[in-house]
Amino acid sequence: MLTVFNLFATETYSQFTKITLKLEDVKISDALKEIENLSELFFLYSPKLIDVERKVNIDAENEPIKDILSNIFDQCCPR
């Protein structure tokens with residue numbers, strides 16, 4: 002028996018949750034942990050695909066989590 006699962010990335014309520022976060026010169030892994038602590042989100046990632054040791058700065062006041070994540074990954078991995 003073959004079962005196929007389709008996973009779709011959709012924007013959810015949690016991504017629109019607004020948080021305040023001010024961090025300077027922190028590893029991406031630590032920034033993601035802090036977002037987890039302030040929200041209902043949980044992040045899974047491969048250190049082989051994302052340099053989570055890279056340092057970023059975050060100065061977000063009452064901003065949607067999706068915008069904060071965009072800012073983090075624009076700093077580490079410009080498109």
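Just add 1 to wherever you are in the sequence shown, counting from 1, and you've got the numbering used here.
For every residue, glycine included, the Cβ atom is placed at its ideal position computed from N, Cα and C.
The structure displayed is predicted, hence computed values, not measured ones.
Looking at the structure shown, is residue i part of a helix, part of a strand, or coil, going by DSSP?
i: Met-2; result: Only weak support exists for where Met-2 lies, its pLDDT of 49 falling under 50; the value from the coordinates is given anyway. Met-2 falls in the coil class under three-state DSSP.
i: Leu-24; result: strand
i: Lys-49; result: coil
i: Glu-62; result: strand
i: Asn-7; result: Unreliable positioning characterises Asn-7 in this predicted model, as indicated by a pLDDT of 49, which lies under 50. The coordinate reading is nonetheless provided below. Looking at Asn-7 - three-state DSSP - the assignment turns out to be coil, as it is neither helix nor strand.
Compare the Cα-Cα distances from residue i to each of the options and report the closest residue.
i: Cys-78; options: Asp-31, Val-57, Glu-37 and Asn-63; result: Val-57
i: Glu-54; options: Lys-28, Glu-37 and Ser-47; result: Lys-28
i: Pro-48; options: Ser-40, Ser-30, Ile-59 and Asp-60; result: Ser-30
Could you give the C-beta distance for residue i and residue j, rounded to a whole number, given that I count them as a contact under 8 Å?
i: Ser-40; j: Ile-59; result: Going by Cβ atoms, the distance from Ser-40 to Ile-59 rounds to 14 Å, so no, they are not a contact pair.
i: Ile-36; j: Leu-42; result: 6 Å
Per the contact definition of three or more C-beta pairs closer than 8 Å, is the segment 15-28 in contact with the segment 72-79?
no
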